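Remarks on the structure that follows.
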Amino acid sequence: MTPTNQTVVITGASSGIGLALAKTFSTEGFNVVANSRQLTASGALEASPRLLLVDGDIGDPATGKKLIATATQNFGTVDVLINNAGVFVPKPFHEYSFEDFQRVFRTNVEGFFHVTQEAVRRMREQGGGQIIMITTALDQQPLAGVPTALTNLTKGGLNSVTRELAIEYAKEGIRVNAIAPGIIDTPMHQPENHEYLAGLHPIARMGTVDEIAQAALFLVRAKFVTGEVLHVDGGAHAGRW
5 MTPTNQTVVI TGASSGIGLA LAKTFSTEGF NVVANSRQLT ASGALEASPR
55 LLLVDGDIGD PATGKKLIAT ATQNFGTVDV LINNAGVFVP KPFHEYSFED
105 FQRVFRTNVE GFFHVTQEAV RRMREQGGGQ IIMITTALDQ QPLAGVPTAL
155 TNLTKGGLNS VTRELAIEYA KEGIRVNAIA PGIIDTPMHQ PENHEYLAGL
205 HPIARMGTVD EIAQAALFLV RAKFVTGEVL HVDGGAHAGR W
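When the letters of the sequence shown are read in order and numbered with my numbering, they come out as residues 5 to 245.
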């Protein structure tokens, strides 16, 4: 580990990709402020002077404010924000309820909006920073038999706003990128479905959470990259196979 004075804020950090991000950036020597609704009670991460846990619903504006304030007050800067928190509700479009719609938008869109606004305000004051969205490859490559309209609607919107924000804030030293994963081996997927899910990529396996974390580290260190949607999806976005 090479210690750094950089601070990363990570949402949705209690399991899966978010947990891997928190562990990886901590191991790499970053200050980490990690968030999920009940992160402390989950026991997924152990708090330390350089790994702070903030409980709260990211769809609540107060949580975004608390995350950025916690990073600033304890570490001085917000160098990286990783918008990882997300809700995935796969069902046919005609079966979605309005409650499904509200739940997905609260986390995937409102959550992004509140914390990213706070982060951008802080990054402008300090002279720069980086924002990374964790989105989906399904935005560009929907799959027959995998109904994900609300995911495409929300996470696809984040892919689009990634490019817009990259242009809007480039002159202020703020880089904005996204990682669009394929199907990743997380607790969300039952083992009995793994063989089927592996076949949904040209590279016929599921991705790992560590591969997403390494992609995030790459983007943090790639100082001439902004506005990029980096597909880590076994080639699925390339087309039919």
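C-beta: ideal position from N, C-alpha, C; glycine also.
Keep in mind that this is a model prediction, so the values were computed, not measured.
Contact check, residue i vs residue j, beta carbons under 8 Å
{"i": "L1", "j": "I188", "result": "The structure shown does not extend to residue 1, since the chain spans only 5 to 245, so no value can be given for it."}
{"i": "T155", "j": "L142", "result": "yes"}
{"i": "V37", "j": "F29", "result": "no"}
{"i": "N112", "j": "K159", "result": "yes"}
{"i": "L201", "j": "A240", "result": "no"}
{"i": "G20", "j": "V236", "result": "no"}
{"i": "A123", "j": "T15", "result": "no"}
{"i": "Q10", "j": "V84", "result": "yes"}
Assigned exposure category for residue i - 16 Cβ within 10 Å defines buried
{"i": "R244", "result": "exposed"}
{"i": "F1", "result": "A question about residue 1 goes unanswered here, because the residues of the chain that appear run from 5 up to 245."}
{"i": "V150", "result": "exposed"}
{"i": "K95", "result": "exposed"}
{"i": "P185", "result": "buried"}
{"i": "T31", "result": "exposed"}
{"i": "N87", "result": "buried"}
{"i": "M192", "result": "exposed"}
{"i": "T132", "result": "The identity of residue 132 in the sequence shown is Gly, whereas the question assumes Thr. Counting Cβ neighbours within 10 Å, G132 comes out exposed, since fewer than 16 surround it."}
{"i": "N39", "result": "buried"}
{"i": "L23", "result": "buried"}
{"i": "F102", "result": "exposed"}
Per-residue DSSP class, three states only, for residue i
{"i": "L204", "result": "coil"}
{"i": "R167", "result": "helix"}
{"i": "P185", "result": "strand"}
{"i": "L49", "result": "coil"}
{"i": "G211", "result": "strand"}
{"i": "S19", "result": "coil"}
{"i": "T158", "result": "helix"}
{"i": "I62", "result": "coil"}
Nearest-angstrom beta carbon gap, residue j and residue i [assumed within contact, 8 Å]
{"i": "L223", "j": "I136", "result": "6 Å"}
Point to revise | Whole runs of the beta strand (DSSP E) within the stretch 85-156, excluding any shorter than 3 residues | key: Runs of the beta strand (DSSP E) lying entirely within the stretch 85-156 and spanning at least 3 residues, in chain order: 133-138.
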